[in-house]
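This report concerns only the one structure given below.
Numbering (my numbering), first residue to last: 18 to 367.
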């Protein structure tokens with residue numbers, strides 16, 4: 018299937034909207050976490066579970082959506098996942114207790130994984146090799162802008178309306194994306210190219226993956242690094258808003274510093290990884306992240322106050338110095354190129 022059969026603008030717009038759903042559904046409601054905690058009368062830890070269950074659902078979803086897309090086609094998987102995403106967002110908006118919200122966020126993340134997993138396959142099916150990288154760069158640009166703007170928008174929605182409307186906005190965006198997928202996206206994987214879906218084969222691939230100690234070590238290192246990032250995502254709103262008295266509508270501007278520095282470090286990686294080496298970049302990122310994390314602990318114990326938040330930006334950036342490069346190691350292993358294993362790396366990492 019070639020670009021002549023699709024409107025390039027429409028395809029990139031739709032896939033960009035799909036790519037936005039995952040970061041929006043995390044970052045947009047971050048300013049509302051303290052408000053949700055107060056409204057339901059629960060401790061911060063209970064509200065933070067809404068993020069934890071979302072990530073858990075997202076990770077588990079990636080285990081199955083890739084093989085399902087190879088078996089049943091791209092369109093049914095991404096369309097079904099986006100519709101469930103919309104339904105879960107509505108359920109989150111209507112949640113009456115924190116327990117209901119925690120459960121619904123699990124299904125929210127489970128559905129969000131469908132779009133994230135299938136976008137790359139759709140792009141490869143539609144565009145020839147020469148066009149794929151160029152078109153994918155536009156989609157990646159959207160995924161960079163979305164977390165930059167999401168907490169800012171979420172903060173102002175919280176001020177003008179309530180946290181419920183954040184999920185209503187997500188539901189509307191997902192319904193809009195579903196409609197465009199249904200009417201404008203054609204199935205890109207013909208029946209003769211589809212692979213049977215065997216759960217035993219998928220599990221066997223995972224078992225083979227975990228037998229490679231070097232691969233596993235890189236995954237664990239990056240996984241713990243991501244864990245630090247998500248610790249910030251869940252605790253950051255409370256630290257900013259409740260401890261340092263940052264207004265919810267201003268939280269997004271502080272959070273945006275993460276994205277700006279992330280973009281800068283991505284450029285740094287692309288320019289210097291060949292000169293420094295992927296392994297050295299990997300190790301340096303881990304060490305710098307460790308030092309910055311230790312500095313945060315010391316600054317908190319010494320009562321240095323708001324200054325630690327500024328240096329927190331550097332820690333968040335350094336967390337990206339190495340995971341962006343770990344794929345270069347994993348691609349050196351033949352097992353990583355197995356058809357189904359290419360879908361499984363993000364879920365194991367998450």
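Ideal placement from N, C-alpha and C gives every residue a C-beta, glycine not left out.
Would residue i and residue j qualify as a contact pair, given that the criterion is a beta-carbon distance under 8 Å?
i, j, result
"residue 39", "residue 129", "yes"
"residue 92", "residue 202", "yes"
"residue 47", "residue 247", "no"
"residue 160", "residue 119", "no"
"residue 226", "residue 90", "no"
"residue 174", "residue 186", "yes"
"residue 188", "residue 103", "yes"
"residue 164", "residue 87", "no"
"residue 167", "residue 35", "no"
"residue 33", "residue 73", "no"
"residue 106", "residue 184", "yes"
"residue 82", "residue 156", "no"
"residue 170", "residue 265", "no"
"residue 214", "residue 84", "yes"
Just to confirm the assignment, what range does the alpha helix (DSSP H) spanning residue i have?
i, result
"residue 230", "230-254"
"residue 91", "91-110"
"residue 117", "115-143"
"residue 59", "Counting along the chain, residue 59 falls outside any alpha helix (DSSP H), and DSSP gives it neither H nor E."
"residue 263", "That residue, residue 263, is in no alpha helix (DSSP H); it is neither H nor E in DSSP."
"residue 200", "180-201"
Suppose you measure from the CA of residue i to the CA of residue j; what does that come to, to the nearest Å?
i, j, result
"residue 137", "residue 302", "27 Å"
"residue 30", "residue 319", "49 Å"
"residue 151", "residue 142", "14 Å"
"residue 116", "residue 100", "23 Å"
"residue 180", "residue 49", "6 Å"
"residue 245", "residue 144", "36 Å"
"residue 255", "residue 276", "19 Å"
"residue 110", "residue 52", "14 Å"
"residue 343", "residue 230", "Annotation note: pLDDT 39 at residue 343 (below 50); position unreliable, no value reported."
"residue 313", "residue 97", "43 Å"
"residue 113", "residue 261", "29 Å"
"residue 251", "residue 237", "21 Å"
"residue 293", "residue 310", "24 Å"
"residue 131", "residue 95", "5 Å"
"residue 222", "residue 316", "45 Å"
"residue 27", "residue 200", "11 Å"
"residue 268", "residue 121", "25 Å"
"residue 233", "residue 239", "10 Å"
"residue 55", "residue 68", "16 Å"
"residue 243", "residue 285", "20 Å"
Consider the C-beta atom of residue i and the heavy atoms of the ligand ADP; say whether any pair is separated by less than 7 Å.
i, result
"residue 230", "In the structure on display, the ligand ADP does not appear, and there are no ligands present to speak of."
Does residue i have its Cβ less than 8 Å from a Cβ in chain B?
i, result
"residue 212", "Reference to chain B is not applicable here, since this structure consists of a single protein chain."
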